[in-house]
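Take 2 as the starting number for the sequence shown in the numbering used here and just add one per residue.
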Amino acid sequence: MSRDPAANVRQRVLLVGGGAREHALAWALRSHDLLIAPGNAGTAMVGRNVPVAATDVAAIVELAVREKVDLVVVGPEAPLSMGLADQLRNASIRVFGPSQAAAQLESSKVFMKEFLKRHGIATAPFEVFDCADKAKAYVRAQNRPLVVKADGLCAGKGVVVASSVDEAIEAIDRLQVGREFGEAGAKVIIEEILPGDEASFHVVCDGARAVCLVPAQDHKRVHDGDRGPNTGGMGAYAPAPVVTPQVHERVVRDIVEPTLSAMAAEGRPFQGVLFVGLMISDGQPSVLEFNVRFGDPETTVLVPMYAGDWFELLDGAARGDLSRVHAQTRPGAALSVVMAAEGYPGPVTTGDPIGGLGQVFALASDPSAGTQAFVFHAGTRHDAGSNAVVTAGGRVLAVCAYAPTTLAEARDEAYAAVARVHWRGEHHRSDIGHRALVK
């Protein structure tokens, strides 16, 4: 039998995943007994890593049962799309994450766009194609910039904002003909380019209610000035000024509440975190996409900005009862800079020792105490032979700072910390937060 969180006892939590998002969530839940599968070199500092892949659904369920876990928190989208939350619930284990049916809001962009259209929720006009020749004919007939999106999961890399007909044709060839992302590109969506500013709007949901977290803004392009190819995210900051109180109200009223009501009515009640990717133009929000998990790197700024109890929030959603949980946001701002391996977002080498980690105040015990920098690991591992932390992926670290005052102060502190960390071929953007800091 699960323990009562009201008793304020130490809970056993299994966190699924191994990126900066999971390290941030592990830090948020560090007062509990934490297992992380598979984790990284950073999560090992706040819990016990278990060598089980996030997508090994049967092994994750078996681990949760064996360890008598009170709550499973699923980080990435792939295991959710594979039905991990359903399997855990079937085993009578409480889980933070939506069902496989509800996870279609992210696992199928076709489902998501048709859902929005069906329920009159604002989004860009679009067409769906399962034939590459018809898709290319449509692009040529439109003869203007368009967005090309793969239907399925592509780790944040299946969207091309094409500035020309040729670029859109190339994207169709890569996604639908060449199957760069496998069956995820069997269908493509071609949609209008919406003007405005993007924002990341996260709401924790219990199936009916929603607790809104601070709005954030991600930086997808690999180079300064929003140039170069899209990535999984090169940095983030919060709060995002483009989400004014009026916009916030419209997002909740016109997007979040209708989505939760419609999902419940369709027999897919949504429990977990709904990440609304917004485009905001003249104060009017539209949905670019839905994600059914916390954003990465957005989580690295959401965690220090939330003033409430993270276990209470996630467990309340998992229990289907957030009636006693209310949004609590710290004053000030947070900013996170992703430090990437040479070659990212293309092929990268791994195994390079990371220097300077000891010079950064990693994992501040209380960010509300003042301006502090800390490091969330992503693509890292501990090398037993050299006893060093080495690179193990494309996005290697997210260096974050929280300031109780201004975003500019958080930026300065984050970049001062970035300057202390180094490895061969490392690269990062130097302009994270530029949209909010333009004078």
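We put the beta carbon where it would ideally sit given N, CA and C, even for glycine.
Classification of residue i by the beta-carbon crowding that lies within 10 angstroms, buried from 16 upward
i             : result
threonine 407 : exposed
aspartate 87  : buried
serine 282    : exposed
arginine 412  : buried
asparagine 41 : buried
glycine 19    : buried
histidine 327 : exposed
glutamate 23  : buried
threonine 300 : buried
glycine 48    : buried
alanine 437   : buried
alanine 417   : exposed
valine 74     : buried
proline 348   : exposed
Whether residue i touches residue j by CB criterion (8 Å)
i                 : j              : result
proline 146       : isoleucine 194 : yes
valine 178        : alanine 163    : no
threonine 381     : alanine 393    : yes
lysine 221        : glycine 234    : yes
alanine 241       : glutamine 218  : yes
glycine 426       : glutamate 343  : yes
proline 305       : tyrosine 403   : yes
threonine 232     : tyrosine 345   : yes
cysteine 206      : glycine 273    : yes
phenylalanine 202 : valine 244     : yes
proline 270       : alanine 104    : no
glutamate 107     : valine 293     : yes
valine 53         : alanine 60     : yes
valine 215        : valine 204     : no
alanine 21        : histidine 378  : yes
proline 286       : alanine 123    : yes
glycine 157       : leucine 176    : no
valine 248        : glycine 296    : no
serine 100        : arginine 210   : no
alanine 444       : histidine 120  : Residue 444 falls outside the range modelled here, since the chain spans only 2 to 440, and no answer is possible.
serine 32         : aspartate 225  : no
Start-to-end residues for the beta strand (DSSP E) that takes in residue i
i                 : result
glutamine 272     : 272-282
glutamine 285     : 285-292
serine 82         : Where serine 82 is concerned, there is no enclosing beta strand (DSSP E), although the alpha helix (DSSP H) it sits in stretches over 78-82.
glycine 236       : 236-239
threonine 260     : Per DSSP, threonine 260 belongs to no beta strand (DSSP E); it is in the alpha helix (DSSP H), 258-266.
tyrosine 403      : 396-404
leucine 15        : 13-18
glutamate 343     : No beta strand (DSSP E) holds glutamate 343; DSSP gives it neither H nor E.
alanine 169       : From DSSP, alanine 169 is part of no beta strand (DSSP E) but of the alpha helix (DSSP H) over 166-173.
phenylalanine 130 : 127-130
serine 201        : 198-207
valine 189        : 189-192
phenylalanine 375 : 373-378
proline 146       : Per DSSP, proline 146 belongs to no beta strand (DSSP E) and is neither H nor E.
Cβ neighbours of residue i in the same chain (closer than 8 Å, five flanking residues each side left out)
i              : result
alanine 92     : Val62, Ala65 and Val66
asparagine 144 : Val166
isoleucine 433 : His220, Met235, Gly236, Ala237, Tyr238, Leu336, Ser337, Val338, Arg412 and Ala415
tryptophan 502 : Examination of residue 502 is not possible in this model, given that the chain is present from 2 through 440 alone.
aspartate 353  : Ala342, Val391, Thr392, Trp424, Arg425 and Gly426
Limits of the alpha helix (DSSP H) - the one that residue i falls within
i                 : result
phenylalanine 116 : 110-119
proline 305       : 300-306
aspartate 432     : Careful: aspartate 432 lies outside any alpha helix (DSSP H) and carries neither H nor E.
asparagine 91     : 85-91
arginine 141      : 133-143
glutamine 247     : 246-252
proline 72        : Strictly speaking, residue 72 in this sequence is leucine, with proline absent from that position. Careful: leucine 72 lies outside any alpha helix (DSSP H), inside the beta strand (DSSP E) at 72-75.
leucine 64        : 58-67
leucine 26        : 21-29
glycine 317       : 311-320
arginine 412      : 408-419
Other residues of its chain near residue i: CB distance less than 6 Å, five sequence neighbours each side excluded
i             : result
histidine 428 : Ala341
proline 6     : Since pLDDT at proline 6 reaches only 45, below the 50 mark, its modelled position is unreliable, and the value read off the structure follows with that caveat. Correct list, in chain order: Asp316.
proline 196   : Ser282
arginine 13   : Asp34, Val70 and Asp71
valine 161    : Val149 and Ala172
Inter-residue CB distance, residue i and residue j (contact presumed, cutoff 8 Å)
i                 : j              : result
methionine 83     : valine 51      : Going by Cβ atoms, the distance from methionine 83 to valine 51 rounds to 18 Å, so no, they are not a contact pair.
glycine 76        : leucine 16     : 7 Å
leucine 279       : glutamate 199  : 7 Å
phenylalanine 182 : alanine 151    : 6 Å
arginine 95       : alanine 319    : 5 Å
glutamine 329     : glycine 359    : In fact, because the Cβ distance is near 33 Å, the residues do not count as touching under 8 Å.
alanine 133       : isoleucine 190 : 13 Å between Cβ atoms; not a contact.
Residue i beta carbon near the ligand ADP (any heavy atom closer than 7 Å)
i              : result
isoleucine 355 : Among the components of this structure there are no ligands whatsoever, and the ligand ADP is therefore not found.
Proximal residues to residue i (C-beta, below 7 Å), its chain only, five neighbours per side dropped
i            : result
alanine 365  : Reliability of the predicted coordinates at alanine 365 is poor, the pLDDT of 44 falling under 50, and the value obtained from them is presented with this limitation in mind. Counting only Cβ-Cβ distances below 7 Å, and skipping sequence neighbours, we find Gln373 and Phe375.
proline 368  : Bear in mind that the predicted position of proline 368 carries a pLDDT of just 46, short of 50, making it too unreliable to give a figure here.
arginine 228 : Arg222
proline 259  : His120 and Ile122
valine 302   : Ala217, Ala237, Tyr238, Ala239, Ala335, Leu336, Ser337 and Cys401
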